[in-house]
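In what follows, a single structure is set out as structure tokens and then discussed.
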Amino acid sequence: MAVVPLLVALLVTACGSGTTPGAPSATASTVGATVPGVTGTEVVVGSWGPQDGPAGFYGAIDRTLDAYFKMINDQGGINGRKIRFIYENDSYQPAKTVAAVKKLVEEDKVFALCGGLGTPNNAAVMDYVVANNVPHVWPATGTTMLAVPFKKNIYAVQLNYTTEATIATQYALDQLGTKKIAVFYQNDAFGKEGLDAVQAELKKRNLPAATAVSYETADTNFSAQALKLQTSGADTVILYAVPKPGGSIIAEMGKIGYAPKLLSSSVINDPSIFALAGSAINGMLIEAYLPAFDDTSNPKIVEYQAFMAKYAPKEQIGGFTEVGYAYGQVFIEALKRAGKELTREGFMANLDQMKNFTGSLVPSLSYSPTDHAGVKAAYFQAAKDGKFVTVTGYITLK
Amino acid sequence: MLSVTPDVLIDLPWGQLLVNGLALGSLYALTAFGIVLIYKTTQVITFAQGETAMFSTFVAFTLLTAFQLPFAVAFALTLLFAGLFGALIERVVLRRISTTTVLNPVIVTVGLSLILLGGAGWIWGYEIRTFPDPVVGPPFRFGTIVLSQLNALIFVVTLVLMTILFAFFRFSPTGIAMRAVAENRMAAQLMGISIGRMNALGWGMGTAMGAVTGMLIAPINYLDPSMMGDVALKAFAAAVVGGLTSLPGAVVGGLLLGIVDSVAGFEAPELRNSIAFALIVIVLVVRPAGLLGRRETKKV
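Heads up: the protein sequence lines correspond to chains A and B, in order. Residue numbers for the first sequence follow the numbering used here, so the first one is -13 and each next one is one higher. Residue numbers for the second sequence follow the numbering used here, so the first one is 6 and each next one is one higher.
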């Protein structure tokens, strides 16, 4: 009978270990003749994200990325290679993410990942992706753990949540006359990073801590949390929530007649939020780090909208398809720079040399062999009658 | 010395929490009521209650948006659809399942729920939609307590439905026949009651109750295939707490769970489900037959 626990222990070790000898590794790709996912005519790229469930809205990101790669393939591919893009649905559940990424790396043998979504999800596969040295360009999260501590094969772009939440807190205190803050946050690494940054900024200024009100991703009713926020007496609520709970909490606050100043992370920057939240969202400030998706005075946005009309006509013009498009731009640029002799090491070495790249929707993107943090500035938009209106220029941390 | 009540519990906005909890609890109660109704008449514990409700709500959504029907008409048509849908499930699937083991119907209803989940996603997609609010307008205010029009409607619908159903089971011949089947199938059959018809009726009514919940909850929780997951789980717990065989028990269980959910969601949202289910375990340990359930004894 003592065999059973031992067996279980063995199984757990086997499943938990990311450095199984059979897995593709950096040395294999540099020394050996074959590079995972690369042939003379094709390069395999993988991603994951929710196509259903509480975060299902984000599914548009991978679908748009897929459409972007189709466009590139129609134009003849990059350096003679067409892109084969495989994206997995993990329903925003980290346990499913682990299975999806193992499949992508070990069965599909992807060359690189692009746009894998979610903070808890990226956290769940981080060690594995690092151990297997699979380049991951623009993971779809703003968690600081992507770039701190530095990881050779992870290239963050999105403004990290610590910087984002600190900017929101400073803006509220210095520009909006905020006296008391409450934070509505997702009870995981994503929400907690936002909360911690708010608390840190308040502490630095010797102000009382913000009231913290959490939710779980499986929650569906937020009336209790809305009440908690109201009874806290906060005049400002900062949101670190994905679209469904984010929209719902705004609607619930509206229902009980609680109308604080609202500030939100960029993660709900999409028109879909207006239907979910109803009229109570009017006036909410939301952070953005890419240009406004409906600003047709910007030639890059005109290009994005033309792409959408041709390659993803069923998807909405909005923040989620906009980032999906931008992921494609950055990834393709990296692939171009890597040249004809495509290896993972070469791909990363060339990406490390990227300086002030302005050819994508990202205003300016730079990397170095020791810095993969990505964007460091954001601006505010205000929700107004079903639209986001830009209200500030780019702001960096004080 | 005696003031052991923690201050945190005194400072709570109890009035509002109760109103929210009772509204939420009414929805749990309606769903639980359907589960108990089906169990009492057919002896099958259904795990598909949430998904049949979700599916019916999608039907309502289609009637409201694609066909532009007024809410009351869409509501009535959806009830009709759900009733027939439930009866059909009984007639086509469950009646043919061998009940030699308790597990067969359980697996079948679990399977049914997964089929409906996938089916709804396939037909309507997985994106989260907003469901039209049946009532619009400013909320009612009682001092500091706010009662949204939707929550008021939820109270009214629950109260009316419960009254109708209690009257139905007490006074109508069909209702009495259904109770007779629940009481003693063999004796009921000998008295000339068609067990098959009663089973189909039980499923139809139970499924229609779920559809009511779905249509009332979708304006709050939004509409997507996974919308009923959390609600169905709580409703199931409410049915068990109430004693599975007791219709009033399902209502009491549902309301209790709604209040616990509301208070726990306020005080410790990350422990909301843990607290709710800890309570269920305690109830079942203290009263194995549930709050209002009858202890089933079998002669050996």
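In this text, a Cβ means the ideal position worked out from N, Cα and C, and glycines have one as well. These numbers were taken from a predicted model, which means no experiment stands behind them.
Does Leu27 of chain B come within less than 9 Å of chain A when only Cβ atoms are used? No, Leu27 of chain B lies away from the interface with chain A (no Cβ there is under 9 Å from its Cβ).
Endpoints, the beta strand (DSSP E) within which Glu273 of chain A is located: For Glu273 of chain A, the enclosing beta strand (DSSP E) stretches over residues Leu271 to Ala274.
Residue span of the beta strand (DSSP E) that contains Ser250 of chain A, given as start and end: DSSP places Ser250 of chain A in the uninterrupted beta strand (DSSP E) bounded by Lys247 to Ser250.
Relative to the C-alpha of Leu132 of chain A, which candidate in A:Tyr171, A:Glu92, A:Glu179 and A:Ile167 has its C-alpha closest? Considering only alpha carbons, the answer is A:Glu179.
Taking only the alpha-carbon atoms, compute the straight-line gap between Ala125 of chain B and Leu249 of chain B and give it to the nearest angstrom. Each residue's alpha carbon lies about 28 Å from the other.
Look at the Cβ atom of Val199 of chain A, then the Cβ atom of Lys214 of chain A, and state whether they are nearer than 9 Å. Cβ distance < 9 Å, so Val199 of chain A and Lys214 of chain A count as in contact.
At a Cβ cut of 8 Å, what residues of the region 209 to 220 of chain A count as close to chain B, listed as they run along the chain? Cβ contacts with chain B come from Ser209, Ala210, Gln211, Leu213, Lys214 and Thr217.
Would Glu202 of chain A count as contacting chain D if we go by Cβ distances under 9 Å? In the structure shown, chain D does not exist; the protein chains are A and B.
For Leu51 of chain A, which three-state DSSP category applies? Correct three-state label for Leu51 of chain A: helix.
Between Leu103 of chain A and chain B, is any beta-carbon pair separated by less than 9 Å? No, Leu103 of chain A does not count as interfacial toward chain B.
Specify the secondary structure class of Leu296 of chain B as computed by DSSP and reduced to three states. Here Leu296 of chain B sits in coil by DSSP.
What do you reckon, is the C-beta of Leu35 of chain B under 8 Å from a heavy atom of the ligand PLP? The ligand content of the structure shown is nil, which means the ligand PLP is not present either.
Would you say Leu159 of chain A and Glu187 of chain A are within 9 Å of each other, going by their C-beta atoms? Yes; because the gap between Cβ atoms is below 9 Å, this pair is in contact.
Which residues, in chain order, does the region 24 to 51 of chain A contribute to contact with chain B at a C-beta distance below 9 Å? Of all residues in the region 24 to 51 of chain A, Pro36, Gln37, Asp38, Gly39, Pro40, Gly42, Phe43, Gly45 and Ala46 have a Cβ within less than 9 Å of some Cβ in chain B.
Does the beta carbon of Tyr44 of chain B sit closer than 9 Å to a beta carbon anywhere in chain A? For Tyr44 of chain B, the answer is no, since every Cβ of chain A falls outside 9 Å of its Cβ.
Report yes or no: do three or more beta-carbon pairs, one from the region 286 to 304 of chain A and one from the region 19 to 35 of chain B, lie closer than 8 Å? The region 286 to 304 of chain A is not in contact with the region 19 to 35 of chain B.
Please check the pair Ser252 of chain A and Tyr275 of chain A, which I expect to be a contact at CB under 8 Å, by giving their CB distance rounded to whole angstroms. Going by Cβ atoms, the distance from Ser252 of chain A to Tyr275 of chain A rounds to 6 Å, so yes, they are a contact pair.
Per DSSP, which one or two residues make a beta bridge with His358 of chain A? His358 of chain A is not bridged to any residue.
Beta bridge counterpart(s) of Arg101 of chain B as assigned by DSSP: None; Arg101 of chain B has no bridge partner.
Between which residues of its own chain and Pro125 of chain A is the CB-CB distance below 6 Å, once the five residues before and five after are set aside? Cβ neighbours of Pro125 of chain A beyond the five flanking positions: Gly102, Asn108 and Leu132.
Tell me, which residues are paired with Gln367 of chain A by DSSP? Its beta-bridge partners are A:Ile272 and A:Thr376.
Shorter than 9 Å from the beta carbon of Asn65 of chain A to some beta carbon of chain B? Closer than 9 Å: no.
Can you check DSSP and say which residues form a bridge with Ser33 of chain A? Bridge partners of Ser33 of chain A: A:Tyr73.
Interface flag, Gly234 of chain B vs chain A, CB-CB below 9 Å: Yes, because at least one Cβ of chain A sits closer than 9 Å to the Cβ of Gly234 of chain B.
How about Val199 of chain A: is its C-beta nearer than 9 Å to some C-beta of chain B? True, the Cβ-Cβ gap to chain B drops below 9 Å.
Proximal residues to Pro256 of chain B (C-beta, below 6 Å), its chain only, five neighbours per side dropped: The amino acid occupying residue 256 of chain B in the given sequence is Val; Pro does not appear at that position. The residues are Ala34.
Leaving aside the five residues before and after Ser251 of chain B along the sequence, list all residues of the same chain whose C-beta is less than 6 Å from its C-beta, in chain order. If we look at Ser251 of chain B and ignore the five residues flanking it on each side, its Cβ neighbours are Leu297 and Gly298.
In the region 56 to 122 of chain A, which residue ranges form an unbroken beta strand (DSSP E) of at least 3 residues, counting only runs that do not cross its ends? The qualifying runs are 68 to 75 and 98 to 100.
What residues in the region 257 to 270 of chain B have a beta carbon less than 9 Å from any beta carbon of chain A? When C-beta distances to chain A are compared with 9 Å, the residues of the region 257 to 270 of chain B below that value are Asp266, Ser267, Val268, Ala269 and Gly270, in chain order.
Considering Gln172 of chain A, what are the terminal residues of the beta strand (DSSP E) in which it resides? First-last of the beta strand (DSSP E) with Gln172 of chain A: Ile167 to Gln172.
On the criterion of 16 or more Cβ atoms from any shown chain inside 10 Å, does Arg146 of chain B qualify as buried, or is it exposed? Exposed: under 16 other Cβ atoms inside 10 Å.
Reference His358 of chain A, options A:Phe374, A:Leu337 and A:Asp371, closest by Cα: Per the Cα distances, A:Leu337.
Taking only beta-carbon atoms, is Pro274 of chain B less than 9 Å away from chain A? Output row for Pro274 of chain B: interface = yes.
Does DSSP put Val107 of chain B in a helix, in a strand, or in coil? Look at Val107 of chain B here: in three-state DSSP terms it is coil, with no helix or strand label.
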